[in-house]
Amino acid sequence: MPELPEVETTVRGLEKVLLGRELRRVEPRRADLRRAFPAGLGQRLTGARVTRLGRRGKYGLIDTDRGDTMIFHLGMSGKWRIDPEELGPHDHLLIETDEHLVVVLNDPRRFGSVDLVPTTELSDWGPLAELAPEPGEITAGELRERLRGRSASIKSLLLDQRIVAGLGNIYVCEALHRAHINPKRSAGRLSPASLAQLAGAIREVIGEAIKAGGSTLRDYARPDGELGYFSKRFAVYDRESQPCLSCEAPVRRIVQGGRSTFYCPKCQR
DNA sequence: AGATATTCCTGGAGGC
DNA sequence: TGCCTCCAGGAATATC
């Protein structure tokens, strides 16, 4: 289940094998993932040279000298496999470089996506156009601005990519726990002090996760998808009924917007 | 505006 | 052990 830190780790891994390389073969192995692959994806990228890899929110970005950027989203089961021994049924897009290195986008549940957009139009491209600031840099002021007047729960709104880009269910739960904020609180009614704590908690949680991914990556030196979650233990996520790591009260699970929320009823008022 | 449901999809977990 | 059902996840979309 890739969230922002996993995407960041993946991009850093891909950078090692793709940056500066010419793409000799770009071959979709089915017509779509979450949505159809861009028309002419293979032709448009074959022969292009990769000039930059980046990330925005949970989207990975691969710029080329053809003026197009390939945008990938890993959904919940997506991963890039580097130089696989053989192709499997869920390897949906194959790329071969001028060094004859093969990378494949593997995604069993096909919640991911691949798009191709002119690099100059990237910031206007639908999903990126309204994306909020990066969670690693979010400030209390930006949070306040975006949450002002909103009565929905803070948990639900933090999952909205227009409030903070790249947060998923896990890190929202973890950040709220760290900031001692009850996930059911109305977002617009949080005090400036709480918002400051929340902004700090988001930056910390994401920063630590990326750091953990980076250290894992050093061991593997490739985004082979075998990393799973970072070994770092979560304080509340997926720990229903287990003791809160801060106060030992049992962690509670509720459902908000159809998604599980884990929190400590004692630490998070 | 917000809450909830639905859709996409498959593997893993749990029940029997 | 082997079926069966259910659930997880992100994002778009529909409905109340």
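Residue numbers for the first sequence follow numbering that gives the first Met the number 0, beginning at 0 and rising by one.
Note that CB positions come from ideal geometry on N, CA and C, so glycine has one too.
- Item | Segment contact, 8 Å Cβ cut-off, at least three pairs: the segment 79–91 with the segment 100–111 | yes
- Message: Along the chain, where does the alpha helix (DSSP H) containing E7 start, and where does it finish?
- Response: L3 to L17
- Query: Between the segment 110–127 and the segment 193–203, are three or more C-beta pairs nearer than 8 Å?
  - Reply: no
- Out of R51, F36, G53 and E26, which has the shortest C-alpha to C-alpha gap to T45? E26
- Write down the C-beta distance between R23 and V49 rounded to the nearest angstrom, noting that I regard them as a contact closer than 8 Å. The pair is not a contact, with the Cβ atoms about 12 Å apart (cut-off 8 Å).
- Item | Length of the line joining the Cα atoms of D31 and V204 | 34 Å
- Item | Unbroken beta strand (DSSP E) run spanning Y58, endpoints | Y58 to T63
- When the Cα atoms are used, what is the spatial distance from R161 to R29? 31 Å
- Query: Over what stretch of residues does the alpha helix (DSSP H) that includes G199 continue unbroken?
  - Reply: P191 to Y219
- Should G165 go down as buried or exposed, given a rule of 16 or more other Cβ atoms within 10 Å for buried? buried
- DSSP bridge partner residues for R108 (one or two, in chain order): Its beta-bridge partners do not exist; DSSP assigns none.
- Item | Exposure label - R64; buried when at least 16 CB within 10 Å | Checking the displayed sequence, the identity of residue 64 turns out to be Asp instead of Arg. So D64 counts as exposed.
- Touch test, the segment 66–79 against the segment 129–143, Cβ-Cβ under 8 Å, three pairs minimum: no
- Query: Taking C-alpha atoms, which residue in R238, G187, S193 and I61 lies nearest to I169?
  - Reply: R238
- Message: Suppose you measure from the CA of E7 to the CA of R54; what does that come to, to the nearest Å?
- Response: 7 Å
- Message: The alpha helix (DSSP H) that contains K78, what's its start and end?
- Response: Segment K78 to I81 is the beta strand (DSSP E) holding K78; no alpha helix (DSSP H) there.
- Item | Residue range of the unbroken beta strand (DSSP E) whose run includes V171 | Run containing V171: none in the beta strand (DSSP E); it sits in the alpha helix (DSSP H), N168 to R177.
- Item | Distance, N181 Cα to C266 Cα | 8 Å
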